[in-house]
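Per this note's numbering, the very first residue in the sequence shown carries number 188; after that it's consecutive. Idealized CB from N, CA, C, for every residue including glycine. Presented below is the structure to which this report refers.
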Amino acid sequence: MHPTSTSTDHSRQATDLARFNALLSTSPSATATLIAWVEERSGRDSVSLMARATRRGAVMTPSPATIAHLEVNGPEAIICRRVRLMDGRRILSDAHNFYVPSRLTERMQALLTDSDIPFGTIIAPLSPRRDTLRVERYWPTDEAPDEKQRLPARLLRHDAIVRDASGVPLCVVSEVYTRNILL
């Protein structure tokens with residue numbers, strides 16, 4: 188399907204996006220949800236997402252709110268990992284992930300630094316869960332769809348705290364999902 192859609196396509200896509208949003212909002216892992224979503228929509232039995240680093244080496248300072256959500260009170264390091272989650276050449280989401288490396292194993296820390304493996308896959312042994320902080324829907328808008336309206340590049344944003352099984356905050360993540368999740 189092309190990014191230019193009919194009103195029927197828009198209605199179906201809006202329904203699909205609402206379903207994806209509901210799944211993501213109730214899932215302990217965005218990575219697992221995205222993999223299952225792509226498998227379902229593509230008909231493939233196995234999907235392997237890649238986390239391609241963007242702005243590698245760029246220094247980003249966490250906001251006071253992020254520091255508070257991470258429950259960091261002292262000189263504990265916080266690292267930002269910015270990636271695009273990709274299925275082949277398709278960008279599914281852009282993610283900014285502020286995490287506390289001391290709360291992860293050395294192996295997990297190395298994988299986050301040196302691999303294209305998604306954060307959720309790396310920390311899966313910690314039985315993570317997500318607490319959604321904010322959901323912002325960029326599409327559909329309240330305006331009536333135009334028959335020739337292009338599906339926008341950015342559809343949905345989720346901000347969340349990811350915690351380990353005991354409730355310790357591991358990271359604060361902001362994910363922006365692209366139209367490729369619907370194509």
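TODO: Measure from the alpha carbon of Ala-352 to the alpha carbon of each residue in Ser-314, Thr-365 and Met-295, then state which is nearest.
DONE: As a working note, residue 352 is residue 165 in the sequence shown. For Ala-352, the nearest C-alpha among the options comes from Ser-314.
Task: Sequence-distant residues of its chain with Cβ nearer than 7 Å to Thr-253 (five each side left out) - done: Residue mapping note: residue 253 aligns to position 66 of the sequence shown, counting from 1. Hits under 7 Å: Phe-285 and Val-359.
Task: Cβ neighbour criterion (16 or more within 10 Å) applied to Ala-297 - done: Taking the first residue of the sequence shown as position 1, residue 297 is located at position 110. Exposed: under 16 other Cβ atoms inside 10 Å.
- [ ] Determine the burial state of Ala-205: buried for a count of at least 16 other Cβ atoms within 10 Å of its Cβ, exposed for fewer.
- [x] The count along the sequence shown starts at 1 and reaches residue 205 at position 18. Flag for Ala-205 reads exposed.
Open item on the list: For Ala-347 and Gln-200, what's the separation of their Cα atoms in angstroms?
Closed with: Taking the sequence shown and counting its residues from 1, one reaches residue 347 at position 160. Taking the sequence shown and counting its residues from 1, one reaches residue 200 at position 13. Going by the C-alpha atoms only, they are around 24 Å apart.
TODO: Assign Ser-233 to one of two classes, buried (16 or more other C-beta atoms within 10 Å of its C-beta) or exposed (fewer than that).
DONE: Position 46 of the sequence shown holds residue 233. So Ser-233 counts as exposed.
Task: Through-space distance from Val-287 to Val-322, alpha-carbon basis - done: Mapped onto the sequence shown, residue 322 falls at position 135. Mapped onto the sequence shown, residue 287 falls at position 100. Straight-line Cα distance between these residues: approximately 23 Å.
Open item on the list: Within 10 Å of its beta-carbon, does Ser-280 have 16 or more other beta-carbons around it, so buried, or fewer, so exposed?
Closed with: The count along the sequence shown starts at 1 and reaches residue 280 at position 93. With 16 or more other Cβ atoms within 10 Å, it is buried.
- [ ] Report the residue from Thr-308, Ile-304, Met-273 and Glu-293 whose alpha carbon sits nearest the alpha carbon of Val-363.
- [x] The sequence position of residue 363 within the sequence shown is 176, counting from 1. Taking only the C-alpha atoms, the option nearest Val-363 is Met-273.
- [ ] Using alpha carbons as the reference points, say which of Gly-275, Ala-282 and Thr-292 lies closest to Cys-267.
- [x] Taking the first residue of the sequence shown as 1, we reach residue 267 at position 80. Closest by alpha carbon: Ala-282.
Open item on the list: List, from N- to C-terminal side, the alpha helix (DSSP H) runs of 4 residues or more that fit wholly inside the stretch 271 to 323.
Closed with: 293 to 301 and 306 to 309
- [ ] Leaving out five residues on either side along the sequence, give the residues of the same chain with a beta carbon under 6 Å from the beta carbon of Asn-326.
- [x] On the sequence shown, residue 326 is found 139 positions in, with the first residue counted as 1. In the sequence under discussion, the amino acid at residue 326 is Trp, which differs from the Asn named in the question. Correct list, in chain order: Pro-339 and Leu-342.
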